[in-house]
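What follows is a short report on a single structure.
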Amino acid sequence: MELTGWVKNYDWGRRGINSAVAQLAMANDPDFRLNEEEPYAEMWMGTHVCGVSVVKETGETLDRVLKTDLSYLFKVLSINQALSIQVHPNKCEAERLHRERPDIYKDPNHKPELAIALTPFLALVGFQPARDIKDNIDEFQPLSQLIGPEAVDQLHEAPNADSVKLCYAKLMKTDDADIARCIKAIAKDYQKELKSNGLLEVFTNVSKVFPGDVGVLSLFFLNLVRLKPGQAIYLGANEIHAYLDGDCVECMACSDNVIRAGLTPKYKDVDQLLESVIFESRHPDRKEFIPYHVDEQVQVYIPPVPDFAVIHVNIHPSLQSYKLQIQAFGSILIVLKGSRVLRLQTNQGPKEITLTRGSIVYIPVEAAPEIEFARADDCDDVDDDDFTGYIATSNYFRVP
Ligand SMILES: [Zn+2]
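Just so you know, our numbering puts 374 at position 301 of the sequence shown, and the rest follows in order with no gaps.
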């Protein structure tokens, strides 16, 4: 079944044709009308109630056709300005939060997520090593004054998760006027230090978009991670993160639960955040999530949760045909580049679908154990590009 994704126009998206989401939507859907002024932030593929995909042929929604929900939600993101700093609750917390405050926490599910960069990609992920945070606080005196001698002394005496938590809690509970003053003082008197720490550009950008927001000061606590295309990060439950810039493919458990901590005009649930977030620190170099290489054409990103995995297929044009082994779970394919003919089994017999950039296809359970990506016979002179697609599926790769 060919699908149409659901486009979300959040403010932080890239605008007009500069957005990868808009480009893919145009390629996918002849009825899509581009507005150059409008941000195109996300394309959702799946059965989540807030943006369910539509079957092209019949106009029915995917959840109605499948009569069930997929365990994952698949997305393409195109980011122009920072998303909020956030964590996602674990399953127990999500159930309790949804029960107690269903207006804020809309579903009872956890939301581990995986982001694979399509362009150079910038994100904040997890806390820096405690000693690095200590050095930052020492170097940027307005921050040290804001946090106060008691917490700063403790960080000096024992730079560990507990003292990081104490300092971060002090920061998060400081009132807005003092936060704004601190950011202004750093912007005015610490240009040189920001530059030598590689933070000048990102500090300037986020404080321009979110003036006076406590999230700006989180730059001194969190790891700034730069991904190259194909590199990935995995965010488990309660790992603090914010995507700042770039395009990515993202897959997550089917949920929309977010506890926010900054860089947002939305509600910040500071108490819940401090209760949930993991203060364990790690060096940014150890944040990359490494896929498993099946062969030269295929690699699989296998997170430590059952809800989802992502298969990256990249086929050289010289290859006449590539057969991908799959298991009997409903999967969603999005094509980013090149063209191929997809041959697969369905409950109505064998089927062929022409794939081009922007194609989104639901691969049914009947397609197992294998689908074929064949070279389109009539276009051997057009295609000297690799074929590139991503497939989201249930995590049957996981070793129990
Ligand atoms: Zn997130």
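Built from N, CA and C at the ideal position, the CB exists for glycine as well. Values in this document were obtained by computation on a predicted structure and should not be read as measured data.
Setting aside the 5 residues that flank it on each side, Asp-458 is surrounded in the same chain by Pro-390, Lys-410 and Gly-411, each with a C-beta closer than 7 Å to its C-beta; the list follows chain order. In the DSSP annotation of this structure, Thr-337 is not part of any alpha helix (DSSP H), being labelled neither H nor E.
For Glu-223, the enclosing alpha helix (DSSP H) has its first and last residue at 222 to 230. Taking C-beta separations shorter than 7 Å and ignoring five residues to either side along the sequence, the partners of Val-408 in its chain run Leu-428, Thr-429, Arg-430, Gly-431, Ser-432 and Gly-462, following chain order. If you look at Thr-427, you'll find it in the beta strand (DSSP E) that goes 422 to 428. Bounds of any alpha helix (DSSP H) do not take in Tyr-469, whose DSSP letter is neither H nor E. Contact between Ala-447 and Arg-413 holds, since their C-beta atoms are separated by about 6 Å, short of 8 Å. Listed in chain order, the beta strand (DSSP E) runs fully inside the segment 158 to 237 are 158 to 160, 186 to 190 and 194 to 200, counting runs of at least 3 residues.
When secondary structure is reduced to three states using DSSP, Thr-277 falls in the helix class.
Bridge pairing for Lys-301: absent [DSSP]. Exclusion of the five residues before and after Asp-84 leaves Pro-112, Ala-114 and Gln-154 as the residues of its chain whose Cβ lies within less than 8 Å of its Cβ. Within a 10 Å sphere around the beta-carbon of Gly-271 sit fewer than 16 other beta-carbons, which makes this residue exposed.
Taken from the Cβ of Gln-345, every heavy atom of ligand 1 lies 6 Å or farther away.
Look at Gln-154: its beta carbon is at least 6 Å from all of the heavy atoms in ligand 1. Across the set Ile-90, Val-287 and Arg-355, the C-alpha of Val-287 shows the shortest separation from the C-alpha of Ile-158. Non-local C-beta neighbours of Val-275 in its own chain, meaning closer than 8 Å and more than five positions away in sequence, comprise Leu-195, Leu-292, Leu-297 and Leu-317, ordered along the chain. Contact fails between the segment 231 to 243 and the segment 380 to 394, because fewer than three Cβ pairs, one in each stretch, are under 8 Å apart. CA-to-CA, the gap between Thr-120 and Leu-146 works out to about 7 Å.
Burial check for Val-94: the Cβ neighbour count within 10 Å reaches 16 or more, so the residue is buried. Distances from the alpha-carbon of Thr-247 to those of Glu-439, Gly-221, Leu-170 and Ala-167 put Gly-221 closest. Phe-147 is bridged by DSSP to Met-118 and Cys-324. About 16 Å separates the Cβ atoms of Ile-332 and Val-198, ruling out a contact at the 8 Å cut-off.
Each of Pro-162, Trp-79 and Val-138 was checked against the Cα of Leu-347, and the nearest Cα belongs to Pro-162. At a Cβ-Cβ threshold of 7 Å, Val-225 and Ile-206 do not count as neighbours. Partner residues in the beta bridge of Ile-433, as assigned by DSSP, are Ile-407. Here Lys-339 is exposed. Its C-beta has fewer than 16 other C-beta atoms within 10 Å.
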